[in-house]
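**Q** So the sequence shown is numbered by our numbering: it starts at 1 and just counts up by one.
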Amino acid sequence: MAGLKIAYAGLGNMGENLSVHLANYARANGGSLTVWNRSKGKYDSVKAELGEGVTYAAGDVDELAGADVIFVSVLNDAASTDVVTRLTAKAKGAVIVDQSSLNPKTSIALEQLAAKSGNAYLAAPVFGRPDAAKAGKLIQVVAGNKDAKAKVRPLFNIFARAVLDLGEEVQKGNTLKLMGNALILGVIELLAETYALGDALDIDPSVFQQFIDLFFPTPSYGAYGNKIGKGTFGSAGGFRLEGGLKDANNILNVGADLGHPVNLPTIALAKEHMERAVELGGIDMDWSSLSAVLRERAGLEPFKVKQDEPKQ
Ligand SMILES: NC(=O)c1ccc[n+]([C@@H]2O[C@H](COP(=O)([O-])OP(=O)(O)OC[C@H]3O[C@@H](n4cnc5c(N)ncnc54)[C@H](OP(=O)(O)O)[C@@H]3O)[C@@H](O)[C@H]2O)c1
């Protein structure tokens, strides 16, 4: 894809790392990369990483409108709707690849908006944290128009270890993302319950974690088991309760939203525990801090260590 004009909107933890891969790709293939972030101060901190030849949009996001492929990775539905609305007011014939985690209903609305102005919109949420983005090991989910997908597929291969294609119905991309996050939240809930039982009965948490690592050798059990076992819930490199509650609400509502209500009791319970965790320690803790509530209800101190100490 020589000469491809690529753009990236949103240089947060995810977008910054993904832009580095795209900058390398553009340099190697005679293409170009233009990046945009709402807060322009961010440009100073990414310039060294992104390297030569990258253009920094100085004003509104619609400066990206001339690109062939425009990636978006912003915080939430409101931000993505705002960005895509501004982009589609000016762009023509672009493929907008939205890597933000959104409500599936928002994907439908944004696809319609893009189609009206002669652009294509793909729902393209990802699994993996910023460090996985940096290492090029994300799991890329995608749903939407097949010609648009064919155009961007080579770009996914730069930063994803796998691409999961849900077909042409755009809402299915973020539905799969919600299902995946539901599974992770369920794992956290179960780890929290079993750790609370062990803590109440004075079982050495490091030995329990050894069992977990031996019997469930997967990243979610390892990372969240360690946080819960040690009781440290700093949000750096993690996922804040604010995002966890947004996801839990979307997970609980997605069935009804798309015409088939489904009862998800584990997620409802985990949501209730997250709400109580916010009351206990604040919204900025990692979502695995819901485990403090299980300890509280077992008659223990909610937190094993003070949460204002250095975390992780
Ligand atoms: N972090 C993860 O582990 C992870 C994993 C998978 C998926 N995701 C998803 O990826 C997306 C980005 O996550 P992140 O971790 O990169 O978030 P982040 O570090 O908090 O960055 C958020 C980005 O969104 C921008 N933004 C916020 N509100 C905006 C608005 N109203 N208009 C325009 N831009 C706005 C921010 O711009 P400013 O700099 O101006 O604030 C920033 O560039 C989210 O949808 C998240 O759910 C995250």
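We put the CB at the ideal spot given by N, CA and C, even for glycine.
Going by beta carbon distance, what residues of the same chain come within less than 6 Å of residue 63, once the five residues before and after it are set aside?
**A** Once the five neighbours on either side are set aside, the close Cβ partners of residue 63 are 57.
**Q** Quick one: which unbroken beta strand (DSSP E) runs of 3-plus residues sit fully inside the region 96 to 133? Chain order, please.
**A** 120 to 123, all fully within the region 96 to 133.
**Q** Using DSSP's beta-bridge definition, name the partner residues of residue 240.
**A** Looking at the DSSP assignment, residue 240 forms a beta bridge with 286.
**Q** So what does DSSP say about residue 141, is it helix, strand or coil?
**A** If DSSP states are grouped into helix, strand and coil, residue 141 belongs with the strands.
**Q** Looking at the unbroken beta strand (DSSP E) that takes in residue 34, where does it start and where does it end?
**A** 32 to 36 is the extent of the beta strand (DSSP E) around residue 34.
**Q** Between the alpha carbons of residue 132 and residue 15, how many angstroms are there, rounded?
**A** Rounded to the nearest angstrom, the two C-alpha atoms are 12 Å apart.
**Q** Per the DSSP calculation, residue 162 is bridged to which residue(s)?
**A** Note: residue 162 sits in a beta bridge opposite 139.
**Q** Per DSSP, which one or two residues make a beta bridge with residue 5?
**A** Bridge partners of residue 5: 32.
**Q** Is there contact here, the region 216 to 234 with the region 184 to 195, by at least three beta-carbon pairs under 8 Å?
**A** At 8 Å Cβ cutoff, the stretches touch.
**Q** Taking DSSP's pairing of strands, which residues face residue 254 in a bridge?
**A** Per DSSP, none; premise fails for residue 254.
**Q** Where does residue 55 fall in DSSP's three states?
**A** It is a strand residue.
**Q** Which residue's Cα is closest to the Cα of residue 139: 244, 107, 211 and 156?
**A** Residue 156 is the option with its Cα nearest to residue 139.
**Q** Taking only the alpha-carbon atoms, compute the straight-line gap between residue 298 and residue 194 and give it to the nearest angstrom.
**A** Whole-angstrom Cα-Cα distance: 11 Å.
**Q** Taking 8 Å as the threshold (C-beta atoms), are residue 173 and residue 123 in contact?
**A** Yes, the Cβ-Cβ distance between residue 123 and residue 173 is below 8 Å.
**Q** Reducing DSSP to helix, strand and coil, say where residue 346 ends up.
**A** Missing from the structure shown is residue 346; the chain here goes from 1 to 312 and no further.
**Q** In whole angstroms, give me the CA-to-CA distance for residue 152 and residue 4.
**A** If you take the alpha carbons of residue 152 and residue 4, they lie about 10 Å apart.
**Q** Considering only C-alpha positions, which residue in the set 285, 216, 236 and 34 is nearest to residue 245?
**A** Answer by Cα proximity: 285.
**Q** So for residue 203, helix, strand or coil by DSSP?
**A** In this structure, residue 203 counts as coil in the three-state DSSP scheme.
**Q** What first and last residue would you give for the alpha helix (DSSP H) that runs through residue 277?
**A** Start and end: 265 to 281.
**Q** Taking a contact to mean a Cβ-Cβ separation below 8 Å, would you say residue 113 touches residue 192 in this structure?
**A** Cβ distance not < 8 Å, so residue 113 and residue 192 don't count as in contact.
**Q** CB residue 37 to CB residue 10, shorter than 8 Å?
**A** Cβ distance < 8 Å, so residue 37 and residue 10 count as in contact.
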